[in-house]
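Have a look at the structure below, then the notes.
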Ligand SMILES: Cc1ncc(C[n+]2csc(CCOP(=O)(O)OP(=O)(O)O)c2C)c(N)n1
Ligand SMILES: [Mg+2]
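Numbering (the working numbering), first residue to last: 91 to 686.
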């Protein structure tokens, strides 16, 4: 049989070094699915339960490996399902190519079955590159450009292929004549370093500062050594945006941890008191958690000129690769002799860890969710990969989990969508089958899609050289993060009809589909439960019955928020007594001097 356009498409993808496709079939892509089958071992096809999950997995693949992730969906409904996962990738700058089918060329525009205007549909999420193949000769340059642009721009691109084109004979080499395109494969990122004069001006600012705060994000993940070295030289503290959780280990004495509503008190204090801000690879959105305008002189390093000086008016913007730029800065910096500022940060950090421990050990009904993370920290296996879903788990992940060097971590940072927890974990396992993967997910997110994707785990886990994947479910019977937002920010009491989540036996369900299920409702048994889960011989669902009345308090509670909070209590809160007690305990832990 002659090579079809689809066979050529798959061959070209593999020539780019791509080995895995996450997808779901439909008659809009039968030609492509057939080609994947014929390609044999050259490419791995992973069947998911929903196209959005394929997009999440492609996104996580890109985030964890730095390679391009590929997802595949059929025309119409399948293509539409991809969208949320693609936005997650776009907003977190993950390189993803979506390949989608379309009705046959002759039918397009005919109000045909499953016909959706896909170029328009993807025009926002894949605006850097979305095109439809009008002939087999277009496949080569469309896929070459889609992959190269996704890689180079760290974004989402999309190739739409009508089903009749998929089945036509391939045109690997277009004829040499007018109006043909002759593309090549391959991309190697350039070395991007700022000009010397800008480096010197940045160094002047950093040398002049006496109280320097650093904020690092996902763009600094490849610059761990440089970030630490600069902080040492400058006597600075380092705060981490959510996506930058793995940039530096949490046990560094001058790592102030997370920032923002899910942040820490030492980060809040450092930002409020610093005289100089050095931001590396982060577009952390909330300016109210950065220094007040005019308070600090700012230096920002980012590879993407579109992302500089948008959260704080920086004095110097260094457009460049974070590791390269920091390395170029190091020889220009003077070591700060006065270490008082650093000492203060270290004291704040040490005290904060004691606050967190005390909060985690507070009694709750039945389990305090912070304790679940507190018990996990010392048990995290070397080189493990941790993912969090959106919800209260993201906050405890950011605050309580002590990541060490060599580990990876991610979540939906900018879109902050519910649902990526389990699919990210699956993609992490496919990319690194020998590493332990841990997902922390709320019961709401599990019921949104997680339980479906557990079936995918049940289907594939035996392929992984190390079968350990733990999905920890915070079973609090609540859409907790939003319940707290409604209380603290809107001043509304909990509206049960909207916020309560139905009961579901997550551990029993896991057992039913052939995984291991562990249910724990006693805080004293948490440690043993984690030990069992992390040494199991198959993937585990660890269902922790946790208390929804444990507040995820912002690092500072503003007067305004406190007022709204009190209003919500006065308006009538169904679980008032217990909730006030928990909140009170938390707040008190923030003030007590903790002596070991
Ligand atoms: C797709 C989507 N829908 C709604 C939201 C708003 N939202 C953010 S967190 C959250 C609650 C999550 O509940 P759950 O998964 O049970 O986690 P919990 O906060 O209870 O630990 C909601 C509804 C969102 N971020 N994404
Ligand atoms: Mg919940």
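The beta-carbon is built from N, C-alpha and C at its ideal position, and this holds for glycine as well.
Look up residue i in the DSSP assignment and say whether it is helix, strand or coil.
i	result
residue 261	coil
residue 532	strand
residue 439	helix
residue 93	coil
residue 685	With a pLDDT of 44 at residue 685, under the threshold of 50, the modelled position of this residue cannot be trusted, and the question is left open.
residue 499	strand
residue 159	strand
residue 643	coil
residue 619	helix
residue 578	helix
residue 626	coil
residue 119	coil
residue 476	strand
residue 668	helix
residue 545	helix
residue 522	coil
residue 206	coil
residue 462	helix
residue 106	coil
residue 690	One cannot answer for residue 690 here, as it falls past the ends of the chain, which runs 91 to 686.
residue 154	helix
What residues are listed by DSSP as bridge partners for residue i?
i	result
residue 222	250
residue 111	135
residue 590	568
residue 149	Bridge partners of residue 149: none, in fact.
residue 240	Per DSSP, none; premise fails for residue 240.
residue 609	633
residue 559	527
residue 516	Residue 516 pairs with nothing; no bridge assigned.
residue 407	390
residue 457	636
For residue i, I'd like the list of residues in its chain whose CB is within less than 8 Å of its CB, leaving aside the five on either flank, ordered along the chain.
i	result
residue 261	95, 98, 225, 226, 227, 229, 230
residue 353	329, 347, 379, 488, 489, 644, 645
residue 612	456, 457
residue 301	363, 364, 365, 366, 431
residue 343	436, 439, 440
residue 686	Any reading at residue 686 must be qualified, since the residue scores a pLDDT of 41, below 50, and its modelled position is unreliable; no value is offered.
residue 695	Shown here, the chain extends from 91 to 686; a query on residue 695 therefore has no answer.
residue 56	Nothing about residue 56 can be read from this structure; the chain reaches only from 91 to 686.
residue 510	146, 149, 150, 175, 178, 477, 479, 480, 501, 502
residue 71	Look at the range of the chain in this structure, 91 to 686, and you will see that residue 71 is not part of it.
With a threshold of 7 Å on Cβ separation, who are the neighbours of residue i within its own chain once the five nearest residues in sequence on each side are excluded?
i	result
residue 675	452
residue 288	406, 408
residue 483	530, 531, 532, 564
residue 296	302, 324, 366, 368, 389, 423
Going by beta carbon distance, what residues of the same chain come within less than 6 Å of residue i, once the five residues before and after it are set aside?
i	result
residue 101	none
residue 151	159, 517, 521
residue 600	607, 631
residue 687	Residue coverage of the chain in this structure runs from 91 to 686, which leaves residue 687 outside it and unanswerable.
residue 465	616, 617, 620
residue 527	475, 515, 518, 519, 559
residue 135	111, 126
residue 177	215, 505
residue 250	190, 192, 208, 222
Comparing alpha-carbon positions, which option in the options lies nearest residue i?
i	options	result
residue 633	327, 427, 456, 343	456
residue 170	442, 270, 248, 423	248
residue 331	500, 223, 286	500
residue 294	141, 421, 187	421
residue 561	508, 477, 411, 588	477
residue 410	285, 668, 563	285
residue 556	616, 621, 614, 474	474
residue 428	145, 404, 461, 324	324
residue 403	377, 415, 414	377
residue 508	154, 174, 281	174
residue 385	181, 257, 303	303
residue 614	254, 156, 454	454
residue 626	462, 130, 185, 471	471
residue 398	212, 121, 510, 370	370
residue 382	278, 360, 393, 113	360
Can you check whether the C-beta of residue i is within less than 8 Å of a C-beta belonging to chain B?
i	result
residue 141	Absent from the structure is chain B; it holds one protein chain and no more.
Item to complete: Mind listing, in chain order, the continuous alpha helix (DSSP H) runs of no fewer than 4 residues lying wholly within the segment 327 to 396?
Response: 355 to 363
Practice prompt. Kindly provide the ranges of any alpha helix (DSSP H) runs that are 4 or more residues long and lie completely inside the segment 170 to 200, ordered along the chain.
Written response: none
Discussion item. If we require 4 or more residues per run, which alpha helix (DSSP H) segments fall completely within the segment 256 to 324?
Written reply: 286 to 298, 314 to 324
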